[in-house]
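**Student:** In UniProt numbering, the protein residues as written are 1 to 229.
Quick reminder that beta carbons are idealized off the backbone N, C-alpha and C, glycines included.
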């Protein structure tokens, strides 16, 4: 009888322990599942944040050139020159770089680099008027060279023809200059009606530019031939 009670107690205790363990496991499982879901959600959020950072700072813009990237890198200033020769060399390099920058700015027509005689919107308008048309003065150097060669030839007939060609060219040059001066005055009066501009200086500025070959003009032409100004 005692043995039967002991066995029954052992069986009841084992069943109770099994039931307690099952409850413990059943109670722990939601916690583990919630922890796993939280971990997955955190990982997903971190991944999305990383993707946004990559898009914002990575492939969303073009890769800068090596020279630009090197220019942005902070670095120590160059050491001071140790000899007079090195100081002169650095000074010459800086002056050469400044001259090159000035030439490029003048060629582009940048107001900061232009001389006083080329500055201002009125002067730019005069340049555009001259550059938009074919000027007789642009052939001055070529005709003058041909006439000079003709005067060196011993033949009197060639010298006479050269003189007539040169005289006829000067007549055409005068007529074209008159037409150009009227066009400059009309454009300035129409574009800047309230300004008190010295038209004589503007006309001479335009005529002197018209006597130069187009590719040699400085500042460089900004309008094509035949453009309406």
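1) Can you give me the C-alpha to C-alpha distance between residue 223 and residue 140, rounded to a whole angstrom?
2) Can the beta-carbon of residue 129 be found closer than 8 Å to that of residue 206?
3) So residue 216 is in the alpha helix (DSSP H); what residue range does that whole segment cover?
4) In three-state DSSP terms, what is residue 105?
5) Quick check: what's the CA-CA separation for residue 145 versus residue 110?
6) Assuming contact is defined by CB atoms lying nearer than 8 Å, are residue 169 and residue 143 in contact in what I supplied?
7) Of the choices 221, 213, 188, 165, whose alpha-carbon is the least far from that of residue 201?
8) When burial is assigned at 16 or more other CB atoms within 10 Å of the CB, is residue 41 buried or exposed?
9) On the CB-based measure, 16 or more other CB atoms within 10 Å of its CB, does residue 16 come out buried or exposed?
10) Can you check which of these residues, 192, 210, 167, is closest to residue 179 by C-alpha distance?
11) First and last residue of the alpha helix (DSSP H) that includes residue 134?
12) Using beta-carbon positions only, say whether residue 225 and residue 138 come within less than 8 Å of one another.
13) Cα-Cα, which of 107, 227, 197 is closest to residue 216?
14) Could you give the distance in angstroms between the alpha-carbon of residue 163 and the alpha-carbon of residue 147?
15) Could you tell me the alpha carbon to alpha carbon distance between residue 96 and residue 171, rounded to whole angstroms?
**Tutor:** Walking through what the data contain:
1) Within the chain shown, numbered from 1, the residue matching residue 223 stands at position 223. Within the chain shown, numbered from 1, the residue matching residue 140 stands at position 140. Approximately 22 Å, taken between the alpha carbons.
2) The sequence position of residue 129 within the chain shown is 129, counting from 1. The sequence position of residue 206 within the chain shown is 206, counting from 1. Going by beta carbons, residue 129 and residue 206 fall inside the 8 Å limit.
3) The residue given as residue 216 occupies position 216 in the chain shown. No alpha helix (DSSP H) contains residue 216, which DSSP labels as neither H nor E.
4) For the purposes of this step, residue 105 is identified with residue 105 of the chain shown, where counting begins at 1. In the structure shown, residue 105 sits in a helix (DSSP, three-state: H, G or I).
5) Within the chain shown, the letter at position 145 stands for residue 145. Within the chain shown, the letter at position 110 stands for residue 110. About 34 Å.
6) As a first step, residue 169 must be located in the chain shown, where it is residue number 169. As a first step, residue 143 must be located in the chain shown, where it is residue number 143. Yes; because the gap between Cβ atoms is below 8 Å, this pair is in contact.
7) Looking up residue 201 in the chain shown gives position 201. Nearest C-alpha to residue 201 among 221, 213, 188, 165: 188.
8) For the purposes of this step, residue 41 is taken as residue 41 along the chain shown, with counting starting at 1. Reliability of the predicted coordinates at residue 41 is poor, the pLDDT of 46 falling under 50, and no value is obtained from them.
9) By 1-based counting over the chain shown, the position of residue 16 is 16. Bear in mind that the predicted position of residue 16 carries a pLDDT of just 42, short of 50, making it too unreliable to give a figure here.
10) Reading the chain shown from its first residue, position 179 is the one you call residue 179. When 192, 210, 167 are compared, the shortest CA-CA separation from residue 179 is found for 210.
11) Counting from 1 along the chain shown, the entry for residue 134 is found at position 134. It is not in any alpha helix (DSSP H) - residue 134 carries neither H nor E in the DSSP assignment.
12) Taking the chain shown and counting its residues from 1, the one referred to as residue 225 is at position 225. Taking the chain shown and counting its residues from 1, the one referred to as residue 138 is at position 138. Contact flag unset, no.
13) Translated into positions along the chain shown, residue 216 becomes position 216. The shortest Cα separation from residue 216 among 107, 227, 197 belongs to 107.
14) As a position in the chain shown, residue 163 is number 163, starting the count at 1. As a position in the chain shown, residue 147 is number 147, starting the count at 1. One C-alpha to the other measures close to 7 Å.
15) On the chain shown, position 96 is the one that residue 96 refers to. On the chain shown, position 171 is the one that residue 171 refers to. Between the alpha carbons of residue 96 and residue 171 lies a gap of roughly 44 Å.
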